[in-house]
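In this note's numbering, the protein residues as written are 335 to 689. Below: one structure, written as structure tokens.
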Amino acid sequence: MVRNDKLGDFMLAWPALAMLKAASPQPHISVLVPGYTAPMAEACPWVDAVIVDPGDAAPRRAQCELLGRLREQRFDALLTLFSTPRIGWLGWRAGIRMRMAPATKWAQIFYNQRIAQRRSHSAKPEYRYNQELAGTLIDKLGLTPAPVAPPYWPDGAAQRPAQRQRLAEQLPLTTNRHWCFLHPGSGGSAVNLSLSAYARLVDEIDHRMLAHGQQRPQWIITAGPGEEQNADSLVDTLVNQGASAFRQPPQQGLAAFALSLAAADIFIAGSTGPLHVAGCLDLVTAGFYPARRSATPLRWQTCNGEGRRLAFHPPPEAGETDMSTIDLDAAATEIAERLTMIETSSHPDCSGEAS
335 MVRNDKLGDF MLAWPALAML KAASPQPHIS VLVPGYTAPM AEACPWVDAV
385 IVDPGDAAPR RAQCELLGRL REQRFDALLT LFSTPRIGWL GWRAGIRMRM
435 APATKWAQIF YNQRIAQRRS HSAKPEYRYN QELAGTLIDK LGLTPAPVAP
485 PYWPDGAAQR PAQRQRLAEQ LPLTTNRHWC FLHPGSGGSA VNLSLSAYAR
535 LVDEIDHRML AHGQQRPQWI ITAGPGEEQN ADSLVDTLVN QGASAFRQPP
585 QQGLAAFALS LAAADIFIAG STGPLHVAGC LDLVTAGFYP ARRSATPLRW
635 QTCNGEGRRL AFHPPPEAGE TDMSTIDLDA AATEIAERLT MIETSSHPDC
685 SGEAS
């Protein structure tokens, strides 16, 4: 399977990978991914082997080495979730017998199994489109399908108690208050709320929790590479307005960062890679999306269980990327109501006291 672009796109491939791995007889699955997402591919329980794509700009030698490896593996099938001419040509030159991809780009000429999907219409979630392709491949290979369901990262979800204990040893958190993770960054690929909007959202949620007779949450602010300064700035703002807020301690690499999110009671972010990691962990998620047709909440829906995801976007009359028009009061109300449904008494014992 090929998904050689961004983190969020790859995480939305996990439900399709789970479908393939659940089929009988169980197939051996390799993935072609860029070096950036390779650690997550290594962590994926549905993947048997990881092949790193050197990328379009790689020198000829690296491209030839990749081609040689594909030929050596003698793959029965190639499933490309997002096709480019280079990848299509690569699969054809590698002599892979069955080559499947969406029939939406001219690169489809390199594939002998093409599935019309029209993803730009955003009629269903991206991960469902991926599962459609996986289901068709299962049928074409003569395998027997089996049902799959969240969490699509069960190994990560099972690490929740250990990750909570680890975080409690690093930060002064208490178990009788919710742990809300908030990721204000965008990774450069998604429109997100401004820092001031997130600060207001936190303040509104805090006040609603108090109105429900509950304690205010504890806020853990996460950051990707190059986003640390903005995260620190948001923590300072939240503390100054009276919130209990902390920067997440540094993590050793992408896989460790992703696994650390299992400690959250809820994960709040724009439509970014970390939001989709949280979805694979089956966390409660609250996502903020633009109104652009190709980036709707439905199209980029997280793959956690039904009822475990909240989504917010600008009204129809607003500009498609004008995130300032999102109704933060309504969002805060929904998030606070969802938090009241999470029992703090179910949290594992942790040490430390919050100020």
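A virtual CB, placed ideally from N, CA and C, is assigned to each residue, including glycine. Predicted model, so just to flag it, every value in this text is computed and none were measured.
{"query": "Per DSSP, the bridge partner or partners of Asp540", "result": "Answer is none; Asp540 lacks a bridge partner."}
{"query": "Inter-residue spacing [alpha-carbon to alpha-carbon] between Arg672 and Ile600", "result": "9 Å"}
{"query": "Inter-residue spacing [alpha-carbon to alpha-carbon] between Asp387 and Ser364", "result": "12 Å"}
{"query": "Cβ pair count under 8 Å reaching 3, the region 554 to 562 against the region 455 to 464", "result": "no"}
{"query": "Nearest neighbour of Cys398, chosen from Asp410, Trp423, Thr414 and Ala372 [CA to CA]", "result": "Trp423"}
{"query": "Residue from Ala524, Pro551, Val525 and Leu527 whose Cα sits closest to the Cα of Asp537", "result": "Pro551"}
{"query": "Burial state of Arg427, where buried means 16 or more other Cβ atoms lie within 10 Å", "result": "exposed"}
{"query": "Nearest neighbour of Glu640, chosen from Ser594, Gly402, Asp616 and Met374 [CA to CA]", "result": "Asp616"}
{"query": "Straight-line Cα distance separating Leu588 from Glu654", "result": "31 Å"}
{"query": "Inter-residue Cα distance where the pair is Met675 and Met543", "result": "11 Å"}
{"query": "Reduced DSSP category for Ala645 - H, G, I as helix; E, B as strand; rest coil", "result": "strand"}
{"query": "Pair within 8 Å by beta-carbon distance, Leu527 and Met657", "result": "yes"}
{"query": "Contact under 8 Å by Cβ, Gly521 with Gly607", "result": "yes"}
{"query": "For Gln635 and Ser456, the rounded distance between their alpha carbons", "result": "11 Å"}
{"query": "Complete runs of the beta strand (DSSP E) confined to the region 532 to 584 [at least 3 residues]", "result": "552 to 555 and 578 to 581"}
{"query": "Exposed unless 16 or more other CB atoms sit within 10 angstroms - verdict on Asn638", "result": "buried"}
{"query": "Selected residue, minimal CA-CA separation from Leu535, among Glu677, Phe344, Asp661 and Leu351", "result": "Asp661"}
{"query": "Backbone CA spacing between Ala579 and Arg511 [nearest angstrom]", "result": "12 Å"}
{"query": "Between the CA atoms of Asn574 and Pro379 - distance to the nearest angstrom", "result": "42 Å"}
{"query": "Beta-carbon proximity check, Gly519 vs Leu593, cutoff 8 Å", "result": "no"}
{"query": "Distance between Ile539 and Trp553 (C-alpha atoms, nearest Å)", "result": "11 Å"}
{"query": "Distance between beta carbons of Met432 and Asp467, contact taken as under 8 Å", "result": "Sequence check: residue 467 is Leu here, not Asp. Contact doesn't hold; Cβ gap of about 12 Å is too wide."}
{"query": "Reference Ala664; option with closest CA among Trp487, His647, Leu572 and Ala652", "result": "His647"}
{"query": "Residue range of the unbroken alpha helix (DSSP H) whose run includes Ala666", "result": "Leu662 to Thr674"}
{"query": "Cα-Cα separation between Phe409 and Arg494, rounded to whole angstroms", "result": "36 Å"}
{"query": "Reduced DSSP category for His610 - H, G, I as helix; E, B as strand; rest coil", "result": "helix"}
{"query": "Distance between Leu644 and Ala652 (C-alpha atoms, nearest Å)", "result": "20 Å"}
{"query": "Length at least 3, wholly inside the region 370 to 395: the beta strand (DSSP E) runs in chain order", "result": "383 to 387"}
{"query": "N- and C-terminal bounds of the alpha helix (DSSP H) containing Met335", "result": "Careful: Met335 lies outside any alpha helix (DSSP H) and carries neither H nor E."}
{"query": "Per DSSP, the bridge partner or partners of Leu366", "result": "Val336 and Ile385"}
{"query": "Check whether Ala597 and Trp513 have beta carbons under 8 Å apart", "result": "yes"}
{"query": "C-alpha distance - Leu354 paired with Arg453, whole-angstrom precision", "result": "21 Å"}
{"query": "Euclidean distance between Cα positions of Glu668 and Leu632", "result": "18 Å"}
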